[in-house]
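As you go down the protein sequences, you meet chains A and B in turn. Numbering of the first sequence is given in the numbering used here, commencing with residue 124 and proceeding in unit increments. Numbering of the second sequence is given in the numbering used here, commencing with residue 68 and proceeding in unit increments. Note that beta-carbon positions come from the ideal geometry of N, C-alpha and C, so glycine has one too. From a predicted model like this one, the values you see are computed outputs, not experimental measurements. Taking it in order: structure first as structure tokens, then the write-up.
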Amino acid sequence: MRSARRAASAIGLALGALLLAGPAPHANDEKPLPALGAELGAFPEGPMKALADQACLHCHSADMVRQQRLTEKQWTAEVNKMAGWGAAVPEDRRAALVAYLVEHFGPGNDSFRPVEAAPAGK
Amino acid sequence: MARQEPPARSSRGLSRRAFLATTAAGLAGAAIAGTPAPPRPRMLQMNGYPLDAETPLDLLGRSYRTPNDLFYVRHHWNPTMPDPAMWVLRVDGEVERPLALSLADLKALPRASATCVLQCAGNGRAFQRPIVPGVQWRYGAVGNAQWTGVRVKDVLERAGLKSGAKHLHTFGTDAPPEKVPPFHRSLELEKVREDGIIAFEMNGAPLPPLHGAPARLVVPGWAGDHWMKWLARISPQAARQTGFYMDVGYRWPNAPGEPGVAFKPEEMHSVTELFVKSTITEAPSTARVGTSTTLRGVAFSGAPDVAKVELSDDGGATWTPAALGRDHDPYAWRLWSFAYTPKKAGKATLLARATDSRGSVQPKDAVWNQSGYLYNGWQSVDIEVGA
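Shown next, in the form of structure tokens:
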């Protein structure tokens with residue numbers, strides 16, 4: 124179950140190693156950018172975070188969820204699709220997960236910003 | 068994995084040179100236009116894993132060929148990167164002689180090269196209204212590169228393609244987690260035999276691992292879902308491939324419908340050609356009445372060339388042509404620039420639209436679809452005009 128995250132970390136570390144060898148600073152001496160994949164967003168703190176982590180993070184980072192702005196109907200469809208694809212969310216907790224997703228990542232969600240990351244290497 | 072840049076901490080000059088090399092075209096343009104220094108080389112990471120990252124708009128149109136390290140990255144899941152020394156491309160299905168070709172075998176075949184646009188089918192999804200789920204790409208899930216390798220046609224002829232084959236099934240080495248369906252695809256043999264390439268170089272360098280090394284499919288004019296990365300197997304077949312990513316994903320409505328009303332699977336077909344689209348990549352935020360200022364951008368299509376790009380400052384009532392860049396190749400993008408001299412003070416809203424070599428005109432509004440594919444509505448920029 125954890126293999127996807129480990130693989131992702133390995134990619135991030137490999138890219139990070141390249142950057143440690145030579146993060147090209149901009150002419151203006153700006154702070155070095157993180158490597159692609161090195162910096163990940165997290166689900167909002169609260170009682171539902173553990174369930175969201177358990178259900179979603181095996182296959183993709185929280186970023187994928189954090190950028191969405193979906194209605195309850197759309198979130199229900201997404202959660203059902205993902206449960207069918209193996210997401211670890213018990214049937215009796217799907218409604219609670221949907222409510223959490225709608226609360227934080229509903230149509231009014233304007234909180235997501237992409238991570239500015241260093242170019243990926245040639 | 069990739070060539071390392073010189074150490075920056077001990078020698079800032081070297082890394083600055085590397086930086087300058089990647090943005091020389093942009094600097095030259097900036098010097099002429101008198102605009103500020105070029106923006107910082109960077110990517111906009113949409114998703115940490117699987118990795119999804121787009122090119123920032125202010126870096127998108129700075130060169131005809133998008134540098135490899137600034138080219139958008141889109142992964143369905145965390146890929147298994149093949150070892151080029153161990154990698155083989157299998158050719159089976161409706162062929163007389165199934166093949167297993169090493170990278171050296173491929174490189175022994177006649178070379179083919181194409182400079183053309185690769186755009187994610189979902190580029191611009193963030194602009195779809197009503198909002199749809201998926202990676203919320205804005206402008207930068209697109210780039211233009213020189214792809215070099217061998218013709219698909221040559222590989223299939225070597226294998227002895229049988230006459231009954233109509234579709235090319237394609238498989239990569241990336242495998243999904245859990246019960247997620249595999250990303251297996253097929254496309255019409257007629258198209259891929261005409262101009263498909265199995266590419267192992269990108270802009271003259273070995274294809275980077277993030278972009279499908281050691282080899283990927285290149286399908287000029289068609290959306291990125293057909294450009295299978297980490298290519299492992301191609302298989303001509305009589306019937307199209309089936310599965311989630313053929314029957315549910317990457318589908319386009321047969322006819323436009325009401326925005327927000329999902330199409331049924333039978334009301335859609337596979338996404339294939341890109342749609343004509345212009346993107347404004349650089350525009351000033353302020354200008355003065357009677358003084359010329361420059362807007363720049365890129366334009367491309369699923370047709371072989373862009374015929375014109377036009378801009379409007381009156382909501383689309385009248386249009387004035389932009390100057391197209393000299394560089395062009397079949398299915399590549401055209402850089403464009405537009406000298407704009409405002410006639411009155413206040414907020415000016417500029418729109419850009421492209422027309423392709425087949426006469427298709429970029430529409431004001433893109434066709435809504437529930438997956439947000441192929442967004443190509445007009446882009447606008449606001450410029451504050453002082454007296």
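Per-residue contacts from residue i into chain A (C-beta, under 8 Å)
i: V247 (chain B); result: C182, W208 and G209
Proximal residues of chain B, C-beta to C-beta of residue i below 9 Å
i: L193 (chain A); result: I198, V199 and P200
i: A175 (chain A); result: What A175 (chain A) touches in chain B: nothing, since even the nearest Cβ is about 15 Å away.
Rounded C-alpha distance that separates residue i from residue j
i: G392 (chain B); j: D372 (chain B); result: 12 Å
i: A240 (chain A); j: G227 (chain B); result: 46 Å
i: D186 (chain A); j: R132 (chain B); result: 29 Å
i: D125 (chain B); j: T309 (chain B); result: 39 Å
i: K229 (chain B); j: V225 (chain A); result: 53 Å
i: Q213 (chain B); j: V286 (chain B); result: 12 Å
i: R260 (chain B); j: G291 (chain B); result: 17 Å
i: H395 (chain B); j: E195 (chain A); result: 46 Å
i: A193 (chain B); j: W204 (chain B); result: 6 Å
i: Y139 (chain B); j: G169 (chain A); result: 34 Å
i: A366 (chain B); j: G279 (chain B); result: 25 Å
i: M110 (chain B); j: Q446 (chain B); result: 21 Å
i: V238 (chain A); j: D221 (chain B); result: 42 Å
i: A188 (chain B); j: W319 (chain B); result: 10 Å
i: L94 (chain B); j: P106 (chain B); result: The predicted position of L94 (chain B) is uncertain, since its pLDDT is 39 and thus under 50; a value taken from the coordinates is nonetheless stated next. Taking the straight line joining both Cα atoms gives about 10 Å.
i: K174 (chain B); j: L254 (chain B); result: 24 Å
i: W386 (chain B); j: M313 (chain B); result: 39 Å
i: L402 (chain B); j: R129 (chain B); result: 8 Å
i: G382 (chain B); j: D449 (chain B); result: 12 Å
Neighbour list for residue i in chain B, Cβ cutoff strictly below 7 Å
i: P242 (chain A); result: P108, R109, M110, D136 and L137
i: D186 (chain A); result: M113, N114 and G115
i: P230 (chain A); result: I198
i: E226 (chain A); result: Residues of chain B passing the Cβ test: none, with the nearest at roughly 16 Å.
Proximal chain A residues relative to residue i, where beta-carbon distance stays under 9 Å
i: P351 (chain B); result: The premise fails here: P351 (chain B) is roughly 21 Å from chain A at the closest Cβ pair, so nothing lies under 9 Å.
Contacts of residue i in chain A (Cβ-Cβ under 7 Å)
i: Q203 (chain B); result: Q190
Residue-level contact to chain C via CB, residue i, 8 Å cutoff
i: E214 (chain A); result: Protein chains in the displayed structure are A and B, and chain C is not among them.
Contacts of residue i in chain B (Cβ-Cβ under 8 Å)
i: V238 (chain A); result: L111, Q112 and G115
Exercise for the section: Could you please tell me which residues of the region 309-322 of chain B, in chain order, have their CB closer than 8 Å to any CB of chain A? Expected result: Against chain A - using a Cβ distance shorter than 8 Å - the region 309-322 of chain B contributes no residues.
Handout entry: Cβ-based contacts, 7 Å cut-off: residues of the region 138-169 of chain B near chain A
Key = Listed in sequence order: V140, W144 and N145.
Exercise for the section: Note down, in chain order, all residues in the region 109-140 of chain B with a beta-carbon under 7 Å from any beta-carbon belonging to chain A. Expected result: Within the region 109-140 of chain B, the qualifying residues are R109, M110, L111, Q112, M113, N114, G115, Y116, P117, L118, A120, N135, D136, L137 and V140.
Exercise for the section: Please confirm if the region 318-333 of chain B is in contact with the region 429-447 of chain B, defined as three or more CB-CB distances below 8 Å between the two stretches. Expected result: Output reads yes: the region 429-447 of chain B touches the region 318-333 of chain B.
Problem - Contained beta strand (DSSP E) runs [length at least 3] in the region 100-176 of chain B, N- to C-terminal order - result: Here the runs fully enclosed are 110-114, 119-121, 155-158 and 166-169.
Problem - Residues from the region 280-307 of chain B in contact with chain A, defined by Cβ distance under 8 Å - result: Cβ contacts with chain A: none found.
Practice task
For the region 226-257 of chain B, enumerate the residues whose C-beta is nearer than 7 Å to any C-beta of chain A, in chain order.
Solution key: Within the region 226-257 of chain B, the residues whose Cβ lies closer than 7 Å to some Cβ of chain A are P244, E245, K246 and V247, listed in chain order.
Handout entry: Cβ pair count under 8 Å reaching 3, the region 408-420 of chain B against the region 368-385 of chain B
Key = Counting C-beta pairs closer than 8 Å gives three or more between the region 408-420 of chain B and the region 368-385 of chain B, which meets the contact rule.
Practice task
Inspect the CB distances between the region 108-124 of chain B and the region 162-175 of chain A and report whether three or more fall short of 8 Å.
Solution key: The region 108-124 of chain B is in contact with the region 162-175 of chain A.
Problem - Residue ranges of each beta strand (DSSP E) within the region 324-398 of chain B, 3 or longer - result: Runs found: 335-337, 344-349, 353-355, 360-367 and 373-379.
Handout entry: the region 349-360 of chain B touching the region 396-409 of chain B, judged by at least three CB pairs closer than 8 Å
Key = Touching, per the Cβ criterion.
Practice task
Ignoring anything shorter than 3 residues or poking outside the region 165-249 of chain B, list the beta strand (DSSP E) runs there in chain order.
Solution key: With a minimum length of 3 residues, the continuous beta strand (DSSP E) runs that stay inside the region 165-249 of chain B are 166-169, 178-186, 209-218 and 234-239.
Exercise for the section: Evaluate the contact criterion for the region 261-275 of chain B versus the region 329-349 of chain B: three or more CB pairs, one atom per stretch, below 8 Å. Expected result: At 8 Å Cβ cutoff, the stretches do not touch.
Exercise for the section: Counting only runs of 3+ residues fully inside the region 266-333 of chain B, write out the beta strand (DSSP E) ranges in chain order. Expected result: Every beta strand (DSSP E) stretch that sits fully inside the region 266-333 of chain B and reaches 3 residues is listed by chain position as 283-285, 298-304 and 318-320.
Problem - At least 3 beta-carbon pairs within less than 8 Å: the region 188-204 of chain A vs the region 194-203 of chain B - result: The region 188-204 of chain A makes contact with the region 194-203 of chain B, as at least three CB pairs between them are under 8 Å.
Exercise for the section: Give, in chain order, every unbroken run of the alpha helix (DSSP H) that is at least 4 residues long and sits entirely within the region 162-218 of chain A. Expected result: Whole alpha helix (DSSP H) segments, 4+ residues: 172-179, 186-189 and 195-207.
Handout entry: Segment contact, 8 Å Cβ cut-off, at least three pairs: the region 172-187 of chain A with the region 203-215 of chain A
Key = Contact annotation: the region 172-187 of chain A touches the region 203-215 of chain A, with at least three C-beta pairs closer than 8 Å.
Problem - Segment contact flag, the region 297-307 of chain B with the region 157-164 of chain B, C-beta cutoff 8 Å, min 3 pairs - result: Contact holds between the region 297-307 of chain B and the region 157-164 of chain B, because three or more Cβ pairs, one in each stretch, are under 8 Å apart.
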